[in-house]
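Only one structure is covered here, and it is reproduced in the block below.
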Amino acid sequence: MDLRLPSKVLEHILSFVDSNEDRNSVSLVCKSWFETERRTRKRVIVRNCYAVTPEAVARRFPEMRSLTLKGKPHFADYNLVPDGWGGYAWPWIEAMAEKCPSLEELRLKRMVVTDECLEKIAASFKDFKVLVLTSCEGFSTDGLAAIAVACSNLRELELRECIVEDLGGDWLSYFPETLTSLVSLDFSCLDSEVKLSDLERLVSRSPNLKSLKLNRAVSLDALGSLLRLAPQLVELGTGSFSDKLDQEAVSKLSQAFSEMKELKSLSGLWDVLPEYIPLLYSVCPGLTSLNLSYATVQMPDLLELLTRCSNLQKLWVMDLIEDKGLEVVASSCKELRELRVFPSGAEGLNDTNVAMTEQGLVSVSEGCPNLESVLYFCVQFTNAAMVTIARNRPNLKCFRLCVMEPFAPDHKTQKPLDEGFKAIVERCKDLQRLSVSGLLTDKAFEYIGTHGKKLRMLSIAFAGDSDLMLHHLLSGCESLNKLEIRDCPFGDTALVANAAKLETMRSLWMSSCCVSFGACKLLSQKMPKLNVEVIDEHPLETRPDSSPVERIYIYRTLAGPRLDMPEFVWTIQKNPEIGVSHLAIK
Amino acid sequence: MLSEEELQSNVSVASSSPTSNCISKGGGLKVHNYFGLSDSSSVESSTLSRNVEDDKATISLKATELTLGLPGSQSPARETELDEKPFFPLLPTKDEIFSSSHKNIGPGNKRGFSDTMYTEKNWMFPEVNKEVTQNIPKGQLGTLNNSSSPPAAKAQIVGWPPVRSYRKNTLATTCKNSDEVDGKPGSAALFVKVSMDGAPYLRKVDLRSYTNYGELSSALEKMFTTFTLGQCGSNGAAGKDMLSETKLKDLLNGKDYVLTYEDKDGDWMLVGDVPWEMFIDVCKKLKIMKGPDAIGLAAAPRAMEKSKMRA
């Protein structure tokens, strides 16, 4: 009797399996399961665009409807990856246009997207619905116009913190009158003013519009009329919140806000004037997400707002909130799950006389039982505080602490912050993401290696003493997927000794460490399934093996060496004649 | 050459490995010097690493313990290691960030620092200086606070604190908009887009972060590696503000790319024809064009006329 599950039945079962992680497991069972799974997968996620070729992906998943791609390494956000490194969307769009013309959704992060790309999308995918670009660059508002004019079933167009060449606001006017399917529109990162009447018409013919994030150029007055046209919004990003309105306009705006019964997420609030904060009071109780990270709201006004947000789950705020403000959050926002505190000084180096310390985070860890994700910029911290936080919140999943001064010790005891991070990794057994800062010795990394068994992503800067540091991490952290390190004093040894580990990870970034060119070559030779990229903007004329490299980016790949490397990226495939046999000792 | 076994074995590696400036010994924690990367002589560093290593052999365990005061404070056991410090740029101690004194390269600074680290005024050594400035042209920093406000010797590290450049850009604009306190409207950042023929991406530069064509030129050179401005930069000074037609042709024939800008009237002009101050006033956009394309531009009667008018 044939015990094999008929593929039709398996297909039906798989239609309930959404998680790609589960689907990946399914595809490993046997060949027929692999085949059935791949033919039914609709949503494909490639977290490193160079790990696999577009053609291979298109071949494997012919029914793909949604593609998510990530390009540059995370540290590109902080200007550590030189321009021109790569991450081009074009080859993917070209390949999908040819092989998967039914593609409906494209989500790109940290990629270079040109107007040509956008035009190609508009021309090739007849049923295109969703375009989400996060931290992308390379395109202009002309490209947006191409999307607007051609994608007649567009549902989502979101530009999140992209660098766009802004040629004006008329791109918005290209949305045809027949387009009524819009659900989400985010153009908050653009500078130019769009034509208000076109925006109003677009909003009023979009009954399904749930998320609208305006750019700064949209005035407060304009906001009022937009809200009246779309009281059903669930997510709102305001424009500038600072025009001078007369009394009538203010009360109309207040009325508009109070009509918004579905509103859960609020952001924007550029230049918000204190006198307008009360306008928001009516929506506060319903908010689950509040992003004040661009709002220069000062303390008393902040408190008025926050004490009313009893259902808040996600709060992004600037350090203008100070420790006192976080105490209030701890007592008012009991549902808080995610907290991010950003530095308000443009350089982040304390130009604004605000001193965020460990106190604020300790209060929140005490008061908010569901807190699981933290990003915290501050000027000082202590081991004792971290121990307390760990004790209070063993449920932490993401802990990113940035003490802004490199090498800052525990400000009370002057000791390294080793013990504090030890408490965090020991207690928080589900910790998946960790960023460390402050003065740290190799011991800290021994602790992380010993306890951080679920840790997937780790970011390190200005820490450690020696190769031991890296060795502890690579040999101890079983789940390690992404490791990014800058300015740490280890060399070749730990890296080469733990080379095999690198194939189990998505990527490793190291910049301004002491890794030598020779080690890079050795690693490249030993590990053919890795791309070992040496990124040196100022290479020496002849590169002796003992010379340190500026940056290394190592990632596992099935695609082999990439073909779009700029001249400042070296891989062994580029210069195969340079063997490892002659380590020049000058 | 490191043999396979050496590499496979635990962290205790032959310490005089020439491939690494940072050495580790097996067993317990040893404090190591972190040598900056910017020194170009690997001989020096190899030699030094061996010296340091000898020193280390005699350092007691207690001395290697991290009994640091605030960075910069004295810790007696480290005195002997001071010698190699002068060759490498140092980490920013609390003192160093805010002062321009160099005396304090004391034992508290256990790490040298990579060439991504520099203090604006404290150029210690000529070689370091060169490496560091190359690495971080002002336009690249992506930090955009009002140039009127930063303290003179403030240390700046590329990409630190780790705040997204998008965020920094946006906050800087906030500062600009609410800039009544300073009373200096001219000191805000002035961003123009820079595009280059054939490049798939655009960049933005803050024209106010440069003081002459030379600086702009080198910054752009970093951004677009095949770009060359040639002699336009040197003509930026007042008094030499007109490029003659023949000079232009020489320039264009000699180089692959030239820098052009779009002025307030929407005309494309060659960069370098007006004094710097005037240039940043009228420049709306920059474009790096291929030489041959730009020849027509330079010779265009309207452009020449404008240059004459502006001079």
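These protein sequence lines are chains B and F, in that order. Residues in the first sequence are numbered consecutively from 0, following numbering that gives the first Met the number 0. Residues in the second sequence are numbered consecutively from 0, following numbering that gives the first Met the number 0. Don't be surprised by glycine CBs; every beta carbon is placed ideally from N, CA and C.
Coil, strand or helix - residue i by DSSP
i                 : result
Asn47 of chain B  : coil
Val8 of chain B   : helix
Cys283 of chain B : helix
Ile120 of chain B : helix
Ile162 of chain B : strand
Glu155 of chain B : strand
Val568 of chain B : strand
Leu170 of chain F : helix
Met98 of chain B  : In the sequence as presented, Met is not what sits at residue 98 of chain B; that position holds Lys. Lys98 of chain B falls in the helix class under three-state DSSP.
Arg207 of chain F : helix
Pro106 of chain F : Bear in mind that a pLDDT of 39 at Pro106 of chain F, under 50, signals an unreliable position, so the model cannot answer this.
Arg59 of chain B  : helix
Asn480 of chain B : coil
Leu244 of chain B : coil
Val25 of chain B  : helix
Gln155 of chain F : strand
Asn391 of chain B : helix
Lys259 of chain B : Checking the sequence, you will find Met at residue 259 of chain B rather than Lys. Met259 of chain B: coil per DSSP, three-state reduction.
Cys519 of chain B : helix
Pro408 of chain B : coil
Asn290 of chain B : strand
Arg227 of chain B : helix
Asp249 of chain F : At Asp249 of chain F the pLDDT is 46, less than 50, meaning the model places this residue with poor confidence; the figure from the coordinates comes in the next sentence. DSSP places Asp249 of chain F in helix when its eight states are reduced to three.
Met456 of chain B : strand
Partners in chain F for residue i, counting only beta-carbon separations shorter than 9 angstroms
i                 : result
Met403 of chain B : Trp159, Pro160
Amino acids of chain F, ordered along the chain, whose beta-carbon sits closer than 7 angstroms to that of residue i
i                 : result
Leu178 of chain B : Those do not exist, as Leu178 of chain B stays about 28 angstroms from chain F at its closest Cβ, beyond 7 angstroms.
Tyr293 of chain B : Thr169
Asp197 of chain B : Result: empty, since nearest Cβ-Cβ is about 24 angstroms, beyond 7 angstroms.
CB contact flag (residue i, residue j, <8 angstroms)
i                 : j                 : result
Thr140 of chain B : Arg106 of chain B : no
Thr356 of chain B : Leu319 of chain B : no
Glu532 of chain B : Thr570 of chain B : yes
Val327 of chain B : Leu291 of chain B : no
Gln431 of chain B : Lys396 of chain B : yes
Ser342 of chain B : Val162 of chain F : Before going further, note that residue 342 of chain B is Pro rather than Ser in the sequence given. Yes. Within cutoff.
Glu36 of chain B  : Arg22 of chain B  : yes
Gly437 of chain B : Val386 of chain B : no
Glu502 of chain B : Leu529 of chain B : yes
Ala145 of chain B : Glu118 of chain B : yes
Glu104 of chain B : Lys128 of chain B : yes
Lys212 of chain B : Gly236 of chain B : yes
Ser515 of chain B : Pro547 of chain B : yes
Met259 of chain B : Pro230 of chain B : yes
Asp300 of chain B : Ile276 of chain B : yes
Glu157 of chain B : Val131 of chain B : yes
Ile388 of chain B : Tyr165 of chain F : no
Leu522 of chain B : Leu482 of chain B : no
Contact set between residue i and chain B, taken where Cβ atoms lie within less than 8 angstroms
i                 : result
Gly263 of chain F : For the sequence presented, residue 263 of chain F should be read as Lys rather than Gly. Ordered by position in chain B, no residue passes the 8 angstroms Cβ test against Lys263 of chain F, which lies about 16 angstroms from the chain.
Under 7 angstroms from the C-beta of residue i: neighbouring residues of chain B
i                 : result
Lys192 of chain F : Glu164
Proximal residues of chain F, C-beta to C-beta of residue i below 8 angstroms
i                 : result
Leu79 of chain B  : Val157, Gly158
Pro342 of chain B : Pro160, Val162
Ala460 of chain B : Trp159, Pro161
Margin query: Which residues of the region 159-173 of chain F have a Cβ closer than 9 angstroms to any Cβ of chain B? Give them in chain order.
Written below: Trp159, Pro160, Pro161, Val162, Arg163, Ser164, Tyr165, Arg166, Lys167, Asn168, Thr169, Leu170, Ala171, Thr172, Thr173
message = Which residues of the region 515-539 of chain B have a Cβ closer than 8 angstroms to any Cβ of chain F? Give them in chain order.
response = Ser515, Gly517, Ala518, Leu521, Glu536, His537, Leu539
Q.
Any contact between the region 90-100 of chain B and the region 146-153 of chain B? By contact I mean 3 or more CB pairs, one from each, below 8 angstroms.
A. Counting Cβ pairs under 8 angstroms, fewer than three are found: no touch.
Pair every Cβ in the region 168-176 of chain B with every Cβ in the region 220-228 of chain B, then say whether three or more of these pairs are closer than 8 angstroms. No: the two stretches stay apart, fewer than three of their Cβ pairs being nearer than 8 angstroms.
> Below 8 angstroms, can you find three or more Cβ-Cβ pairs linking the region 227-243 of chain B to the region 267-277 of chain B?
Replying inline: yes
Between the region 11-21 of chain B and the region 51-60 of chain B, do at least 3 Cβ pairs fall closer than 8 angstroms?
Counting Cβ pairs under 8 angstroms, fewer than three are found: no touch.
In chain order, what residues of the region 130-146 of chain B put their CB closer than 8 angstroms to some CB of chain F? Ser134, Glu136, Gly137, Ser139
Within 8 angstroms, do at least three Cβ pairs link the region 323-338 of chain B to the region 360-375 of chain B?
Contact holds: three or more Cβ-Cβ distances are below 8 angstroms.
Which residues, in chain order, does the region 353-380 of chain B contribute to contact with chain F at a C-beta distance below 7 angstroms? Phe376
For this session: Quick one: which residues of the region 50-81 of chain B get their C-beta closer than 8 angstroms to a C-beta of chain F? List them in chain order.
Result: Phe74, Asp76, Tyr77, Asn78, Leu79
Point to revise | Three or more C-beta pairs below 8 angstroms linking the region 202-216 of chain B and the region 172-184 of chain B | key: The region 202-216 of chain B, when compared against the region 172-184 of chain B, does touch it at the 8 angstroms Cβ threshold.
Can you find at least 3 beta carbon pairs, one from the region 297-311 of chain B and one from the region 244-252 of chain B, that sit closer than 8 angstroms?
no
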